[in-house]
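>
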Amino acid sequence: MGNEESSLSRTEGQIDGRPVTFTLRQDEETGERELVWQEHENGIEGHLADKDIIAVLPVHAQIPDDYSILYVASNPSAANDSSGSPVLFKSLLATRLPQPFIHHFQPPGNACWQLRADNGSLPNLHIVVSSGSGTGQAEDVWARLLKPMLQHVCPKADAYMLHHTTSEHSVAELTREVFLPQANDGIMQAIILLSGDGGLVDIVNTLLEGPRGKWYKKPNATLLPLGTGNAMAHSVGLTNDNTLGLRNLLQGTTRPLPLFRASFSPGARLLVNEAREERQLSLLNGAPTVYGAVVCSWGLHAGLVADSDTSEYRKHGAERFKMAAEEALFPKDGSPAHAYKGKVSVLRPGGRDWERVNRETHAYVLATLVSKLEKGFTISPASKPLDGKLRLVHFGDIGGQGAMEIMTKAYDGGKHIGDERVGYEEIQGLRIEFEEEEARWRRVCVDGKIVRVEAGGWVEVRGGVESVLDLIVDERR
Ligand SMILES: Nc1ncnc2c1ncn2[C@@H]1O[C@H](COP(=O)(O)OP(=O)(O)OP(=O)(O)O)[C@@H](O)[C@H]1O
Numbered sequence: 001m002g003n004e005e006s007s008l009s010r011t012e013g014q015i016d017g018r019p020v021t022f023t024l025r026q027d028e029e030t031g032e033r034e035l036v037w038q039e040h041e042n043g044i045e046g047h048l049a050d051k052d053i054i055a056v057l058p059v060h061a062q063i064p065d066d067y068s069i070l071y072v073a074s075n076p077s078a079a080n081d082s083s084g085s086p087v088l089f090k091s092l093l094a095t096r097l098p099q100p101f102i103h104h105f106q107p108p109g110n111a112c113w114q115l116r117a118d119n120g121s122l123p124n125l126h127i128v129v130s131s132g133s134g135t136g137q138a139e140d141v142w143a144r145l146l147k148p149m150l151q152h153v154c155p156k157a158d159a160y161m162l163h164h165t166t167s168e169h170s171v172a173e174l175t176r177e178v179f180l181p182q183a184n185d186g187i188m189q190a191i192i193l194l195s196g197d198g199g200l201v202d203i204v205n206t207l208l209e210g211p212r213g214k215w216y217k218k219p220n221a222t223l224l225p226l227g228t229g230n231a232m233a234h235s236v237g238l239t240n241d242n243t244l245g246l247r248n249l250l251q252g253t254t255r256p257l258p259l260f261r262a263s264f265s266p267g268a269r270l271l272v273n274e275a276r277e278e279r280q281l282s283l284l285n286g287a288p289t290v291y292g293a294v295v296c297s298w299g300l301h302a303g304l305v306a307d308s309d310t311s312e313y314r315k316h317g318a319e320r321f322k323m324a325a326e327e328a329l330f331p332k333d334g335s336p337a338h339a340y341k342g343k344v345s346v347l348r349p350g351g352r353d354w355e356r357v358n359r360e361t362h363a364y365v366l367a368t369l370v371s372k373l374e375k376g377f378t379i380s381p382a383s384k385p386l387d388g389k390l391r392l393v394h395f396g397d398i399g400g401q402g403a404m405e406i407m408t409k410a411y412d413g414g415k416h417i418g419d420e421r422v423g424y425e426e427i428q429g430l431r432i433e434f435e436e437e438e439a440r441w442r443r444v445c446v447d448g449k450i451v452r453v454e455a456g457g458w459v460e461v462r463g464g465v466e467s468v469l470d471l472i473v474d475e476r477r
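The sequence shown: position 94 = 94 (UniProt numbering), numbered continuously.
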């Protein structure tokens, strides 16, 4: 958008039928941009911040001056209700908007929203409302944000299938029963996921479990970030505005979602139901296997994700990770932070041999495909959205205080990688052989899921898995 002085940035028009003067403004200090209008009749001023705007859409080809501005406004009742949608859907009808504004917010010609129909047929659109994600906002976000927006942009508002999760198995079942068979039939599917990283990972794992035929057509998925960490959403930049993923949904294009594979020794089990139960993992060539798009870790990170995965901790949102970290680094019984025993080896890009990390004990071993694990926590600053590069972050037993210093630097824009105690590099593979007696020190985190490995067991992580899903990302940001 231009500045206030440009003639292009000031027009005479209408807002919901009332004559106004539009101006584009940019705050000199913050750089934040907004559309401002002043009503001719009464001088009342209105404004819309750039960050609140979802899209600007033409109303009809025969009335080229008219556009709908779709935007969000904060939900006043959300302050006292942790399951309330933080924002609500709104729209305005605007006539003769400044051209730079239209240019900036009109979805590009290749935006997926317009491509979601195959050969002119209706899009096969699925909406997955994951009621157990995060602090339980998905239902209200569906009702007060996404649904009204779909009714606005989609002339056939019932041309979608709505799925509400009822258990931790819901997304996997839906994928097994609907997404995978349809993909194998060559049907194009678009999935809008109101969830955290977990929903995405459940879909990917189930797609990879089943046989994929010759006609397999990758579904595309878009996220409304309603989990706790929302690592993928933060890392691809879709939380840079206030629209809870809606701008990304209307303006983004498809990109293959890179994946890694974590293979385990035969006794590895998935922990569920707050670690009260364990489940078998799917087998690939006889080895229990999980796929991930975000992170595979052992040590402090895996421990705090596992320990904080209770309904009591979940009430605290992303704070739960910090609370569990505090307890792990400075245990209440006064004991030191745990030194994790095991052999860690890496396979470097282009290398053929595994190379041992020269250390007997470890505090943090984490391989990731993304830059951020939660808002502001930049674990891998070199990672670019969906670049498919697996990176390792690791450090040894440096005590609770030392680990806290490193975590604090990670929250400060990823400065930890400049700390000499931290190892950081691109890798092709990671292998850990566990040398711990106690089971809780043999827990591995794969995208929020916790796998417990048997005594003397191992895990091996490899990048470069064939993508089975496209993610919608607005790369223009
Ligand atoms: N209705 C439900 N009942 C029980 N479990 C559910 C229900 N809906 C979703 N779940 C489960 O809750 C978990 C939510 O995971 P998700 O990743 O979406 O959110 P999160 O863990 O809060 O966020 P993140 O992974 O981004 O930190 C998943 O394991 C999912 O299977």
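Glycine included, each C-beta is placed from N, C-alpha and C at the ideal position.
(1) Do residue 260 and residue 299 have their CB atoms nearer than 7 Å?
(2) Which runs of the alpha helix (DSSP H) at least 4 residues long sit entirely within the region 122-209? Give them in chain order.
(3) Please go through the same chain and pick out, in chain order, the residues whose beta-carbon is closer than 8 Å to the beta-carbon of residue 281, but skip the five residues on each side of it.
(4) Is there contact here, the region 458-467 with the region 174-184, by at least three beta-carbon pairs under 8 Å?
(5) Go through the region 47-89 residue by residue and report every complete run of the alpha helix (DSSP H) that reaches 4 residues or more, in order.
(6) Tell whether a beta-carbon distance below 7 Å holds between residue 443 and residue 231.
(7) Which word fits residue 98, buried or exposed, when buried means at least 16 other C-beta atoms lie within 10 angstroms of its C-beta?
(8) Looking only at C-alpha atoms, which of 54, 133 and 149 sits nearest to residue 171?
(9) What first and last residue would you give for the alpha helix (DSSP H) that runs through residue 394?
(10) Could you check the C-alpha separation between residue 294 and residue 205 for me, to the nearest Å?
(11) Should the region 233-249 be regarded as contacting the region 418-438, the criterion being three or more beta carbon pairs within less than 8 Å?
(12) Give every residue of the same chain whose Cβ lies closer than 6 Å to the Cβ of residue 247, excluding the five residues on either side of it in the sequence, and list them in chain order.
(13) Rounded to the nearest angstrom, how far is the Cβ of residue 363 from that of residue 339, given a contact under 8 Å?
(14) Taking the alpha-carbon positions, what's the residue 195 to residue 89 distance?
(15) Any heavy atom of ligand 1 inside 6 Å of the beta-carbon of residue 317?
(16) Is it buried or exposed, residue 379, if we count other Cβ atoms within 10 angstroms and call 16 or more buried?
(17) Could you name the residues of the same chain whose beta carbon sits closer than 8 Å to that of residue 359, not counting the 5 residues immediately before and after it, in chain order?
(18) Terminal residues of the continuous beta strand (DSSP E) containing residue 276?
(19) Please find out if some non-hydrogen atom of ligand 1 comes closer than 6 Å to the beta-carbon of residue 83.
(20) Thinking C-alpha only, which one of 62, 368 and 432 is nearest residue 425?
(21) Considering only C-alpha positions, which residue in the set 475, 226 and 212 is nearest to residue 142?
(22) Going by DSSP, name the residue or residues bridged to residue 340.
(23) Whole angstroms is fine: what's the gap from residue 168's alpha carbon to residue 131's?
(24) Give the C-beta separation of residue 445 and residue 301 to the nearest angstrom, bearing in mind that I take them to be a contact with Cβ-Cβ under 8 Å.
(25) Are the CB atoms of residue 96 and residue 65 within a distance shorter than 7 Å?
(26) By Cβ distance below 6 Å, which residues in the same chain neighbour residue 243 in space, the five residues on each side in sequence not counted?
(27) Take the Cβ of residue 384 as the centre, count every other Cβ of all protein chains shown within 10 Å, and call the residue buried at 16 or more, exposed below.
(28) Using a Cβ-based criterion (distance less than 6 Å to any ligand heavy atom), does residue 228 qualify as near ligand 1?
(29) On the three-state DSSP scale, how would you describe residue 471?
Checking against the coordinates, here is how it stands:
(1) no
(2) 138-141, 147-153, 170-174, 180-184 and 197-209
(3) 264, 268, 269, 270, 288, 289, 290 and 451
(4) no
(5) none
(6) no
(7) buried
(8) 133
(9) First-last for residue 394: 390-395, but that is the beta strand (DSSP E), not the alpha helix (DSSP H).
(10) 13 Å
(11) no
(12) 54 and 241
(13) 7 Å
(14) 18 Å
(15) no
(16) buried
(17) 344 and 396
(18) Counting along the chain, residue 276 falls outside any beta strand (DSSP E), and DSSP gives it neither H nor E.
(19) no
(20) 368
(21) 226
(22) 362
(23) 10 Å
(24) 6 Å
(25) yes
(26) 54 and 72
(27) exposed
(28) yes
(29) strand
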